[in-house]
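S.K.: Position in the sequence shown (first residue = 1) + 154 = this note's numbering.
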Amino acid sequence: MFSISRDDLGPNFLFGTATAAYQIEGGQTDGRGSCIWDTFAATPGNVKNAHDGATACDHYNRWPEDLDLIRDGGFDAYRFSLAWPRLIPEGTGAVNPKGIAFYDRLIDGMLERGLKPYATLYHWDLPSPLQDKGGWMNRDIAKWFAEYAALVGHHFGDRLAATATINEPWCVAFLSHFLGIHAPGYRDIRAASRAMHHVLLAHGTAIDALRAEGMKNLGIVLNLEKAEPFSESAEDRLAFDYGDALFNRWYLDGVFKGRYPDILTSALAQYLPEGFEKDMDVVSRPLDWLGINYYTRGLYKYDASRPAFPVTQVKGDLPKSDLGWEIYPKGLEDLLVRVSREYTKLPLYVTETGMSETDDTRRVQFYDDHLRAVANAQGQGADVRGFFAWSLLDNYEWAEGYNSRFGIVHVDYETQKRTPKGSYRAFQGMLHNTR
Ligand code: FCB
């Protein structure tokens, strides 16, 4: 049970759960094309136990049961993503009618159950034929992504309550092209610099395409962390400045101020696409809301051995999830206040938070504390309108495979049986006011 109640978050506060297509759908039949996660997972050494998303939670077939769970939990909204390779198997050009039919069923199923559809266009499943052309490193992705956005707007726009272009551009760009941890697994500063710009440029062209289809309530979902210096030394403060710029400010400054942080445009000057400055009005197209995914803090320490960014991330001494991520509810409070003071008065949504953990009592505490943090941020003027738990189901946790469990509903991958956990019951108790 939670100690916080629905009323603590204000009268129209929206509660939802979140998932992503590749992590739950499976069902890679019916004309779906290959995506970068299929091949990344098939490459030995990339994903724990060589797990892949071929079956995942079989949501492609079991979606009615999953939507029932969301409704029965008392949630108002469902944040899901559409799979680009299911809709346009080659990335551009021919449309897969069975893909359209699947999302028609899914979205209609949400509406029938009184759930508001919160759609994300891109949650990391780039069609492989586009990767063959350079993927996020190729400027043409701004055009390819806009074509896909227009298709989504055209077919589903009338039924979506809110739409985000990109989920977590830092992961799309830096985690996947500099750190090499996610698909396509590059470790290259030029590749990363190009992806860092093109991902936001494509966000802007997609916003234009969605608006041209008459869509409203458009946003982006940024993953932000509470960045902190390891110590108050001048070196660690410099390291913090780099870390915060790389993780938070590149995206916040780009989208809301139409410029990138100087510390990075100098560090990356020789690698960024030429003339990127001319794109900044597209990068910073006006939005209707901002989604923030928050999991942990980033603690930054100076490291002279890394010339590009003299910084390394270290673990602090806060309690940790079973993936070793520090648990820091106050960080969420501070972050929401910072974004609303320094960047935007738009409505904010916590579009993801949660923890990987098998001891679900810890997850109940986690959510209770993070909901309290949201209420505290509201008390300091942050206009936070909703909260989505990551995730509805245990699912394919990318490079961690299936062993990491973020769900409020347990999934037995042998039988595909869903079993609500205590954290699901805690939400249900709060949302039905049965405490
Ligand atoms: C976020 C992703 C989501 C999930 C959680 C744990 O970075 O958006 O797909 O993997 O982390």
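All C-beta atoms in this analysis are idealised placements derived from N, C-alpha and C, irrespective of residue type, glycine included.
Everything numeric in this text was worked out from a predicted model, so none of it was measured.
(1) Touching or not, the segment 372-388 and the segment 445-463, by the rule of three or more beta carbon pairs under 8 Å?
(2) Can you tell me whether DSSP reads D566 as helix, strand or coil?
(3) Please go through the same chain and pick out, in chain order, the residues whose beta-carbon is closer than 8 Å to the beta-carbon of D362, but skip the five residues on each side of it.
(4) Among V528, Q467, P239, whose alpha-carbon lies nearest the alpha-carbon of D488?
(5) How should G397 be labelled, buried or exposed, when 16 other C-beta atoms within 10 angstroms of its C-beta is the threshold for buried?
(6) Could you check whether the Cβ of W324 sits closer than 6 Å to any heavy atom belonging to ligand 1?
(7) Going by the beta-carbon positions, is the gap between I629 and I374 smaller than 7 Å?
(8) So that I know if they touch, is there some Cβ in chain C lying closer than 7 Å to that of A349?
(9) Return helix, strand or coil for E244, following the three-state DSSP convention.
(10) Residues in the same chain with beta-carbon distance under 7 Å from T588, minus the five sequence neighbours each way, listed in chain order, please.
(11) Out of curiosity, what's the CA-to-CA distance linking W99 and D279?
(12) Going by beta carbon distance, what residues of the same chain come within less than 8 Å of L486, once the five residues before and after it are set aside?
(13) Contact between the segment 301-308 and the segment 264-279 is defined here as three or more beta-carbon pairs at a separation below 8 Å; is this criterion met?
(14) Specify, as a first and last residue, the run of the alpha helix (DSSP H) that I481 falls within.
(15) Apart from the five residues on each side of it in sequence, which residues of its chain come closer than 8 Å, Cβ to Cβ, to G247?
(16) Does the Cβ of W619 lie closer than 6 Å to at least one heavy atom of ligand 1?
(17) Is there contact between the segment 171-180 and the segment 235-251, where contact requires at least three CB pairs shorter than 8 Å?
M.R.: From the atom records:
(1) Contact between the segment 372-388 and the segment 445-463 is present, because at least three Cβ pairs lie under 8 Å.
(2) It is a strand residue.
(3) Within the same chain, D362 has close Cβ partners A300, V436, R439.
(4) Of V528, Q467, P239, the residue nearest in Cα terms is V528.
(5) So G397 ends up on the buried side.
(6) The answer is no for W324.
(7) Given a span of 155 to 589 for the chain in the structure shown, any question on residue 629 remains unanswerable.
(8) No chain C is part of this structure, which consists of one protein chain only.
(9) Under the three-state reduction of DSSP output, E244 falls in the coil class, being neither helix nor strand.
(10) With a pLDDT of only 45 at T588, under 50, the local geometry of the prediction cannot be trusted, and the value read off the model is given with reservation. So the list is empty, once near-sequence residues are dropped.
(11) Given that the chain is displayed from residue 155 to residue 589, the structure contains no residue 99 and the question cannot be resolved.
(12) Same-chain partners within the cutoff: K380, Y448, V504, T507, H524, A527, V528, A531.
(13) A contact between stretches requires three or more CB pairs, one per stretch, nearer than 8 Å, and the segment 301-308 meets this requirement with the segment 264-279.
(14) That residue, I481, is in no alpha helix (DSSP H); it is neither H nor E in DSSP.
(15) Closer than 8 Å at Cβ, skipping near neighbours: no residue.
(16) Since the first residue of the chain shown is 155 and the last is 589, residue 619 is not available in this structure.
(17) Under the Cβ criterion (8 Å, minimum of three pairs), the segment 171-180 counts as touching the segment 235-251.
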